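Terminal number for the sequence shown in my numbering: 585, no gaps in between.
What follows is one structure encoded as structure tokens, with my remarks underneath.
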Amino acid sequence: MAESTSLLFNPRTYDPAHFDPETRRLLRATVDWFEARGKRRLIQDYRSRVWLADFLEFAAKEELFATFLTPASAAAGDGDRRWDTARIAALNEIFGFYGLDYWYAWQVTVLGLGPVWQSDNADARERAAGLLAQGEVFAFGLSERTHGADIYSTDMLLEPDADVPGGFRATGSKYYIGNGNAAGLVSVFGRRTDVEGPDGYVFFAADSRHPAYHLRKNVVDSSKFVSEFHLEDYPVAPADVLHTGRAAFDAALNTVNVGKFNLCTASIGICEHAMYEAVTHATNRILYGRPVTAFPHVRRELTDAYVRLVGMKLFSDRAVDYFRSAGPDDRRYLLFNPMTKMKVTTEGEKVIDLMWDVIAAKGFEKDTYFAQAAVEIRGLPKLEGTVHVNLALILKFLRNHLLDPVDHPPVPTRLDAADDAFLFRQGPARGLGSVRFHDWRTAFDAYAEVPNVARFREQADALCAFVETSAPDEEQSRDLDLLLAVGQLFALVVHGQLILEQARLTGLDEELLDELFAVLVRDFSAHAVELHGKDSATEAQQEWALGAVRRPVVDTDRSTRIWERVEALAGAYEMAP
Numbered sequence: 009m010a011e012s013t014s015l016l017f018n019p020r021t022y023d024p025a026h027f028d029p030e031t032r033r034l035l036r037a038t039v040d041w042f043e044a045r046g047k048r049r050l051i052q053d054y055r056s057r058v059w060l061a062d063f064l065e066f067a068a069k070e071e072l073f074a075t076f077l078t079p080a081s082a083a084a085g086d087g088d089r090r091w092d093t094a095r096i097a098a099l100n101e102i103f104g105f106y107g108l109d110y111w112y113a114w115q116v117t118v119l120g121l122g123p124v125w126q127s128d129n130a131d132a133r134e135r136a137a138g139l140l141a142q143g144e145v146f147a148f149g150l151s152e153r154t155h156g157a158d159i160y161s162t163d164m165l166l167e168p169d170a171d172v173p174g175g176f177r178a179t180g181s182k183y184y185i186g187n188g189n190a191a192g193l194v195s196v197f198g199r200r201t202d203v204e205g206p207d208g209y210v211f212f213a214a215d216s217r218h219p220a221y222h223l224r225k226n227v228v229d230s231s232k233f234v235s236e237f238h239l240e241d242y243p244v245a246p247a248d249v250l251h252t253g254r255a256a257f258d259a260a261l262n263t264v265n266v267g268k269f270n271l272c273t274a275s276i277g278i279c280e281h282a283m284y285e286a287v288t289h290a291t292n293r294i295l296y297g298r299p300v301t302a303f304p305h306v307r308r309e310l311t312d313a314y315v316r317l318v319g320m321k322l323f324s325d326r327a328v329d330y331f332r333s334a335g336p337d338d339r340r341y342l343l344f345n346p347m348t349k350m351k352v353t354t355e356g357e358k359v360i361d362l363m364w365d366v367i368a369a370k371g372f373e374k375d376t377y378f379a380q381a382a383v384e385i386r387g388l389p390k391l392e393g394t395v396h397v398n399l400a401l402i403l404k405f406l407r408n409h410l411l412d413p414v415d416h417p418p419v420p421t422r423l424d425a426a427d428d429a430f431l432f433r434q435g436p437a438r439g440l441g442s443v444r445f446h447d448w449r450t451a452f453d454a455y456a457e458v459p460n461v462a463r464f465r466e467q468a469d470a471l472c473a474f475v476e477t478s479a480p481d482e483e484q485s486r487d488l489d490l491l492l493a494v495g496q497l498f499a500l501v502v503h504g505q506l507i508l509e510q511a512r513l514t515g516l517d518e519e520l521l522d523e524l525f526a527v528l529v530r531d532f533s534a535h536a537v538e539l540h541g542k543d544s545a546t547e548a549q550q551e552w553a554l555g556a557v558r559r560p561v562v563d564t565d566r567s568t569r570i571w572e573r574v575e576a577l578a579g580a581y582e583m584a585p
């Protein structure tokens, strides 16, 4: 049982020994807090939609957010406080495991802090560090009801304040703003009325407790407080201004770059908790005189769910390394980041769906974690940009990644206790076409003897040939529906690459890898068939698509042994009542 569960987060055995002592203590304390509350209270709070006051009280007492979300530059010499993506990812997973409501309060705090930590405003940075130390949460006032996150069209207007040199009076509404009910600091994006164009953008700090800040409602039916608020003649002093002009625009996009990474590990946590429940239930359920798990289709669905979840973890863990090793001359994270947001979270949906097909009506029962997991897993692909937006972003890197590699020093595993300072000095949010990558083939070459890795490599090589000989022409490039199908194929290659890199670094056994890549071969074939059916696909593209279809290498004994690992999850964890 230990071998099968060691790849998944299990509160019973969790010991993050690879982190420093204070990080280990805080992660374990968070797990223990949830376990002490128990499953009944966890579900009750979710269903009654109560605000997370007791959780935030715990986090404040432990200085959890302050320790994990204060960069070293604002930590006043406290060596435990730093922005460390590796341990942030670990906490995302824990929050997802116990409930997305808890993760969401943390996530929008991350987003709210982004413009502050990127700012040169020392007063605002000091204020934010102090609020964190007091246990306050933060909010990110970007989107609006009419325009969504289209920041070009913001209607939050700042009139110069005649009574305060360098100050403004802000009026306007923001919509879909998490923590807007309680945030000690809300980073708000707007534009000046006296300056045209991009030079008029402003990011400023607001306080949700100010009389000119009007909280209108929670726009969702949830413990997550996703607010609509309105500022009416809100005074913005010079000390409140975080960014002006194009720097404000860049701060918005760079903040999303930092925040969207958190979605993948939250999705992983949700799937892990749901998997323990689903496998345990299916193993104990007798149908027509046999355990449900005796049926071949059930074994296949649960095995596919398990290996997909392992793939999610491998990809996300490796992406952490590129995030932490990024710099002005190495921006590969700008591809791997939307991949974690788009690919990992949609894999999470597939994992839940596969398990739900097995446990069926059980997945609706009010005393299960699975019932909320099935709902919450849908949200993550839709936050911080839709799947389509992130796929379109991924496509910008396709040619450089597949066809034009350059030498990069190897990126090591990054679990060291270091501050990821570059994330708050990413610079202008442009120039994606100049980002260069190491050769993706190297990761595949290392596993050339694994049958389904080799089979998938055939498909990846075929995609390179497609880009060189049958890529969408100028007219087709305006057909986003067609391009997104190509993007799904490219995303699979990137997904497979980082999975293989992490497998090599962690010594993952090749049998499990073979079973996982059998699934990826099927996925690639399915997306190729989808491309074949697109209205605007040319005859050459249709021919290529069918030629890229492959059958995975079948090994019944291998699949049986992987199933035994999945079956061992039954009873491995159940939350205390």
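Using N, Cα and C, we set each Cβ at its ideal position, and we do this for glycine too.
Fair warning: this is a prediction, and the values are worked out from it, not measured in the lab.
Rounded to a whole number of angstroms, what is the C-alpha to C-alpha distance between residue i and residue j?
i                : j                 : result
isoleucine 5     : valine 306        : Here the chain covers residues 9 to 585 and nothing more, so residue 5 does not appear.
phenylalanine 58 : threonine 450     : Inspection of the sequence shows that residue 58 is occupied by valine rather than by phenylalanine. The straight-line gap from Cα to Cα measures roughly 50 Å.
glycine 143      : glutamate 65      : 7 Å
arginine 573     : proline 29        : 32 Å
alanine 191      : phenylalanine 237 : 12 Å
glutamate 4      : phenylalanine 430 : Because residue 4 is not part of the residues shown, which for the chain are 9 to 585, the question remains open.
valine 124       : tyrosine 22       : 34 Å
threonine 354    : aspartate 169     : 47 Å
tryptophan 364   : valine 287        : 11 Å
tryptophan 5     : alanine 302       : Absent from the structure is residue 5, since the part of the chain shown begins at 9 and ends at 585.
glutamate 240    : asparagine 189    : 16 Å
isoleucine 367   : aspartate 375     : 14 Å
aspartate 86     : glutamate 71      : 12 Å
glutamine 484    : threonine 546     : 9 Å
serine 12        : isoleucine 51     : Here serine 12 scores only 49 on pLDDT, less than 50, and its place in the model should not be relied on; the value that follows carries that caveat. If I take the Cα positions, the gap works out to 27 Å.
leucine 193      : threonine 31      : 25 Å
arginine 36      : methionine 583    : 15 Å
valine 362       : tryptophan 41     : Inspection of the sequence shows that residue 362 is occupied by leucine rather than by valine. Computed Cα separation, rounded: 30 Å.
leucine 310      : phenylalanine 532 : 20 Å
alanine 178      : alanine 576       : 58 Å
Look at residue i and residue j and say whether their C-beta atoms are less than 7 Å apart.
i              : j                : result
arginine 266   : glycine 175      : Reading the sequence as shown, one finds valine at residue 266 and not arginine. Contact: no.
leucine 403    : glycine 495      : yes
tyrosine 183   : arginine 153     : yes
tyrosine 110   : phenylalanine 63 : yes
glycine 180    : valine 116       : no
isoleucine 102 : isoleucine 278   : no
alanine 259    : alanine 132      : no
glutamate 519  : arginine 465     : no
glutamine 434  : asparagine 262   : yes
glycine 120    : serine 195       : yes
alanine 313    : valine 359       : yes
threonine 252  : arginine 199     : no
Excluding the 5 residues preceding and the 5 following residue i in the sequence, name in chain order all residues of the same chain whose CB lies nearer than 7 Å to its CB.
i              : result
asparagine 460 : Asp522, Phe525, Ala526, Val529, Pro560, Val561
alanine 10     : Caution applies to alanine 10, whose pLDDT of 43 falls short of 50 and renders its modelled position unreliable; the model cannot decide the point.
alanine 379    : Gly371, Phe372, Glu373
arginine 422   : Ala94, Val328, Asp329, Arg332, Ser333
tyrosine 581   : Asn18, Pro19, Arg20, Tyr284
lysine 542     : Asp489, Leu490, Ala493
alanine 462    : Ala456
alanine 479    : none
Using a Cβ-Cβ cut-off of 6 Å (strictly less than) and excluding sequence neighbours within five positions of residue i, which residues of its own chain qualify?
i                 : result
asparagine 100    : Asn270, Thr273, Ala274
alanine 536       : Ala553, Ala556, Val557
leucine 343       : Phe405
phenylalanine 233 : Asn189, Asn226
Going by alpha carbons, who is nearest to residue i out of the options?
i            : options                        : result
aspartate 88 : Phe73, Ala98, Ile102           : Phe73
proline 420  : Glu482, Ala334, Ala382, Leu471 : Ala334
threonine 78 : Ala84, Ala67, Arg90            : Arg90
aspartate 92 : Ala80, Ser544, Gly85, Ile102   : Ala80
proline 336  : Ser442, Phe452, Leu388         : Ser442
proline 418  : Thr38, Asp312, Phe445, Met583  : Phe445
threonine 75 : Gly138, Val414, Leu119         : Gly138
glycine 387  : Ala82, Leu108, Gly46           : Leu108
glycine 46   : Tyr106, Asp248, Trp448         : Tyr106
Sorted by chain position, which residues of the same chain lie with C-beta nearer than 8 Å to residue i's C-beta, five sequence neighbours on each side aside?
i           : result
leucine 322 : Leu506, Ile507, Gln510, Ala511, Thr514, Leu516
Against chain B, does residue i count as a neighbour if the rule is that its beta carbon must be under 7 Å from one of theirs?
i             : result
aspartate 427 : Any reference to chain B falls outside this structure, which holds one protein chain only.
The ligand GTP and residue i: does the residue's C-beta get closer than 6 Å to at least one heavy atom of that ligand?
i          : result
leucine 72 : Ligands displayed in this structure: none; no statement on the ligand GTP is therefore possible.
Item checked: In chain order, each alpha helix (DSSP H) run of at least 4 residues that lies wholly inside the segment 321-365 -> 341-347
Checklist line | Continuous alpha helix (DSSP H) assignments of at least 4 residues falling wholly in the segment 119-177 | finding: 130-141
Next item on the list: Give, in chain order, every unbroken run of the alpha helix (DSSP H) that is at least 4 residues long and sits entirely within the segment 22-96.
Entry: 29-56, 61-70, 72-77
Next item on the list: Quick one: which unbroken beta strand (DSSP E) runs of 3-plus residues sit fully inside the segment 276-316? Chain order, please.
Entry: none
Item checked: Completely contained alpha helix (DSSP H) runs for the segment 438-505, where each covers 4 or more residues -> 449-453, 459-477
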